[in-house]
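Visitor: Residue numbers (the numbering used here): 1411 to 2332.
Note that CB positions come from ideal geometry on N, CA and C, so glycine has one too.
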């Protein structure tokens, strides 16, 4: 192991903070009737803290020509959430999915993470996964000055996504206040889990300017160091039918099998940023910015797995026998409690390490050629690398010959309570061995498994643009430019079976080291750390297989974009109007190199018995992307925005891989295969947006927005006619007649559909309603999104969805209802904020045991966070503040289910997290 130093039933849970559409509409009416008189009397007041950040965000939104959402900090390092993803998920129409209890990736307007792109200071960023979706927890919020989400594109927005574009922005020192800031927080993780964790979080930043503000620098460093709680995770194989004592009528049992796991993750993230900004004259300015983040995660998993109703096994199997239901308690035909005999349980001790490195370097040059003409030259390089390892071990009762293992009887109830009959802490009973024959039997023993995945992603880009200021007409400026981007992503996977050292029979075993034990859901088991067990307990038998070859690939892209954009500032239909119109011409050349496997020649799981050959394919295509943004001034601080554009999102790199495999289906007398498709073209859509915004004084807004996207195409897997001629080996058996035309299961550009939604949002300080409420305020939003896209279940890798019973699946990432509410108080140095974000059930994405992505049903959730702060100015320390934060205060569970919300297949409680610390600013 490596090391280094929706159409479904909605959730019925209700929160006290839930914001209904009617309530939000009433808030808007209250504001409209009571705040207008306040506007003229607003004096110029400097506002900081939570209110200052919200006020800044509202003003940026107001002045933007596009439809945008903004997270703003009044000073560097003061973003209000502990991660960028959490902050983004508080914006209208944006949701996040938790991974390990932490918000990581986002969905914008019901479209999954791969439909959005992430920029850093306006430049496209690469990713550490096999997809395009950025993991935002890799970007420390302490190092960011602002985050802008573009819901509508324009001609000059490069690297734009189909659902939206997220631009992470670091500070520009010549436009910022000078200052120094430092912060420290002590974390108490996973409270209420029974095994809490702990950690530290610190940051430091410095912004200054010199030489009469001609030279500016900004430096920042942030570190997170945590040992997480031991969280329990329940994993069910779903319910089924069984006969009592092997005879009679079928009864419905709650579990065919189950697993209880205990997970603990230690993680360390270090981020750094540096900005050098030079403005030697009013005719030239150059900025160099650098960003780096290293995120290391090491996880230990202990578990107990038991196949109960495993009727697929024979009565006396080589490794296990078919379970027999006895002593059942019935409610009609449903079994509420009982016992399964003939159980050979598996004790799991696994270790997983992931090491991520993300780097970005940019150089921007601005030249003022004359009074109205300017030139920009921008260059950047972005890289991401992920390495690590996974060690999985199995332990259980041993056998000296097949079919002679000691079997157990396990009592169960439908309340997820299980009582084994054997003592699984007794190391004379429980030994490291091949328990279930998962490797294929005695000839291919598997007492565990080793995986060494890696991903590298690199992008280089250069951009030139020329802008001419205009006067006396509808257009205030016109800009044209050219951008060239080269990107290469490489994924590699090395795998192997773990075999007990010296085992020549396939039935060997070894004592479990140490004397550690733990109890999971009332079941005590023996434990050990397997991270250094290769070489001392196990040897690795390298394994290759068509599915493993499938994970090794390289994808390259060369994208050239020419664009033109006109800025509008004039009158239209007797109304003042501003905005822009633009056009992008995008030429894409893409290619992939990978492996092809002739399954007919694959007689084993070694490189010699399952050889692969190289295959390379590619394609090129062009796109023309027009865009328009208009903002009409309706008077009385009212804006009506209209946006229209043709947008696109490139397919995932994993779908674009050239990997192929082929075999002869004798039953159907046809060649069949599966793999990726380097000739995939993007998801494309026509988008229409309308937004009404009413502003009140400083930092208050009520808005109602609607959007409609008509997707021309959606990428999904299908069986298509394919000529296998170039993939066949000389020994490959062909169908009668020798035809090389067969069926390939691969991603294709299938039919699309539409997605539409409404977003209602409000931000305002309560003192605008009544002076006694000075210091109080709120931020709220509600989104309702629906889709007319029904995707065939046959086109995706699914977990918890029976494709034989359900022919279509909802759009991944879409929650029909999303709401957010933040209530705050900030006055006289004291600050308080309670925030809730809620979403309804949705189809999400998880990683399976093979390291591939799968779609799954995830229950809706409501997360409540708390933040308290106090500035010590009354104690003569006005630069010093104390801070307290509570995360997931309601201890919301993360749950996945199989087709119906009541059929839960995974349930995890991550517990509450508390942070307390100090911040210093001068």
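Excluding the 5 residues preceding and the 5 following residue 1433 in the sequence, name in chain order all residues of the same chain whose CB lies nearer than 6 angstroms to its CB.
Guide: No answer about residue 1433 holds up, because its pLDDT of 40 lies below 50 and its placement is not dependable.
Visitor: Could you tell me whether the segment 1764–1771 touches the segment 1698–1712, using the rule of 3 or more Cβ pairs below 8 angstroms?
Guide: In short, these stretches touch, since the Cβ pair count reaches three.
Visitor: For residue 1567, does the three-state DSSP call read helix, strand or coil?
Guide: Coil, per DSSP.
Visitor: Classify residue 2298 as buried or exposed, calling it buried when 16 or more other Cβ atoms lie within 10 Å of its own Cβ.
Guide: Buried is the call here.
Visitor: Alpha carbon to alpha carbon, how far is residue 1508 from residue 1558?
Guide: Each residue's alpha carbon lies about 22 angstroms from the other.
Visitor: Mapping the DSSP letters down to three states, classify residue 1818 as helix, strand or coil.
Guide: Here residue 1818 sits in strand by DSSP.
Visitor: Per DSSP, what kind of secondary structure is residue 1468 in: helix, strand or coil?
Guide: In this structure, residue 1468 counts as helix in the three-state DSSP scheme.
Visitor: Suppose you measure from the CA of residue 2275 to the CA of residue 1473; what does that come to, to the nearest Å?
Guide: Spanning the two alpha carbons is a distance of roughly 30 angstroms.
Visitor: Per DSSP, what kind of secondary structure is residue 2282 in: helix, strand or coil?
Guide: It is a strand residue.
Visitor: Alpha carbon to alpha carbon, how far is residue 1900 from residue 1891?
Guide: Spanning the two alpha carbons is a distance of roughly 30 angstroms.
Visitor: Pull up the distance between the alpha-carbon of residue 1650 and that of residue 1660, whole angstroms please.
Guide: The alpha-carbon atoms of residue 1650 and residue 1660 are separated by roughly 9 angstroms.
Visitor: On the DSSP letters alone, give me the boundaries of the beta strand (DSSP E) that residue 1496 sits inside.
Guide: It is not in any beta strand (DSSP E) - residue 1496 instead sits in the alpha helix (DSSP H) that spans 1494–1498.
Visitor: Less than 7 angstroms separating the beta-carbons of residue 1641 and residue 1603?
Guide: For residue 1641 and residue 1603, yes; Cβs fall inside 7 angstroms.
Visitor: Unbroken alpha helix (DSSP H) runs of length 4 or more, entirely within the segment 2139–2189: which are they?
Guide: Taking only runs of at least 4 residues, no alpha helix (DSSP H) segment lies wholly in the segment 2139–2189.
Visitor: Could you tell me the distance, in whole angstroms, from the CA atom of residue 1417 to the CA atom of residue 1885?
Guide: The pLDDT assigned to residue 1417 is 37, lower than 50, so where the model puts this residue is not dependable, and the model offers no usable value.
Visitor: So is residue 2151 buried or exposed if we call it buried at 16+ other beta carbons inside 10 Å?
Guide: Result: exposed.
Visitor: If we count the other Cβ atoms within 10 Å of its Cβ and call it buried at 16 or more, is residue 1815 buried or exposed?
Guide: Its Cβ being crowded by 16 or more others within 10 Å, residue 1815 is buried.
Visitor: Taking 6 angstroms as the limit between beta carbons, can you name the residues of its chain near residue 1686, skipping five residues before and five after?
Guide: The answer, listed in chain order, is 1627, 1698.
Visitor: What whole-angstrom Cβ distance do residue 2059 and residue 1572 have, given they're in contact under 8 angstroms?
Guide: Contact holds; Cβ gap of about 4 angstroms.
Visitor: Please name the residue or residues paired with residue 1787 in a DSSP beta bridge.
Guide: Looking at the DSSP assignment, residue 1787 forms a beta bridge with 1775, 1874.
Visitor: Judging by CA-CA distance, which residue of 2308, 1792, 1704, 1506 is the nearest neighbour of residue 1871?
Guide: Minimum Cα distance to residue 1871 is reached at 1792.
Visitor: So, at 7 angstroms on beta carbons, what are the nonlocal neighbours of residue 1837 in its own chain, with the 5 sequence-adjacent residues on each side left out?
Guide: Result list for residue 1837: 1921, 1922, 1936, in chain order.
Visitor: Tell me, to the nearest whole angstrom, how far the beta carbon of residue 2041 is from that of residue 1475; I am working on the premise that it is less than 8 angstroms.
Guide: Correct: roughly 6 angstroms between the Cβ atoms.
Visitor: Evaluate residue 2186 with the Cβ neighbour count: other Cβ atoms within 10 Å of its Cβ, from every protein chain shown; 16 or more gives buried, anything less gives exposed.
Guide: Counting Cβ neighbours within 10 Å, residue 2186 comes out buried, since at least 16 surround it.
Visitor: Do the segment 1972–1989 and the segment 2002–2009 make contact, defined as three or more Cβ pairs closer than 8 angstroms?
Guide: No, the segment 1972–1989 is not in contact with the segment 2002–2009.
Visitor: Does DSSP classify residue 2219 as helix, strand or coil?
Guide: Of the three classes helix, strand and coil, the one that applies to residue 2219 here is strand, per DSSP.
Visitor: Within the chosen definition, does the segment 1803–1814 reach the segment 1843–1859 through at least 3 CB pairs nearer than 8 angstroms?
Guide: As far as the Cβ criterion goes, the segment 1803–1814 touches the segment 1843–1859, which means the pair count is three or higher.
Visitor: Mapping the DSSP letters down to three states, classify residue 2368 as helix, strand or coil.
Guide: In the structure displayed, the chain extends from 1411 to 2332; residue 2368 sits before or after that span and is not available.
Visitor: With three or more C-beta pairs closer than 8 angstroms as the rule, is the segment 1979–1986 touching the segment 2091–2100?
Guide: With the cut-off at 8 angstroms, the segment 2091–2100 and the segment 1979–1986 do not touch.
Visitor: Exposed or buried, what is residue 2329 when buried is set at 16 or more other beta-carbons lying within 10 Å of its beta-carbon?
Guide: So residue 2329 ends up on the buried side.
Visitor: Unbroken alpha helix (DSSP H) runs of length 4 or more, entirely within the segment 1862–1921: which are they?
Guide: Counting whole runs of 4 or more residues, the segment 1862–1921 contains no alpha helix (DSSP H) stretch at all.
Visitor: Could you check what DSSP says for residue 1665 in three-state terms: helix, strand or coil?
Guide: Residue state, collapsed to three classes: coil.
Visitor: Do residue 1950 and residue 1906 count as a contact pair if the criterion is CB distance below 7 angstroms?
Guide: Yes, Cβ-Cβ distance for residue 1906 and residue 1950 is below 7 angstroms.
Visitor: Taking 8 angstroms as the threshold, find out whether the segment 1579–1595 comes into contact with the segment 1535–1547 through three or more Cβ pairs.
Guide: The segment 1579–1595 is not in contact with the segment 1535–1547.
Visitor: Nearest to residue 2086 by alpha carbon, out of 2308, 1963, 1932?
Guide: When only C-alpha atoms are compared, the closest one is 1963.
Visitor: Thinking C-alpha only, which one of 2262, 2090, 2147 is nearest residue 2126?
Guide: Of the candidates 2262, 2090, 2147, the one whose C-alpha sits nearest the C-alpha of residue 2126 is 2090.
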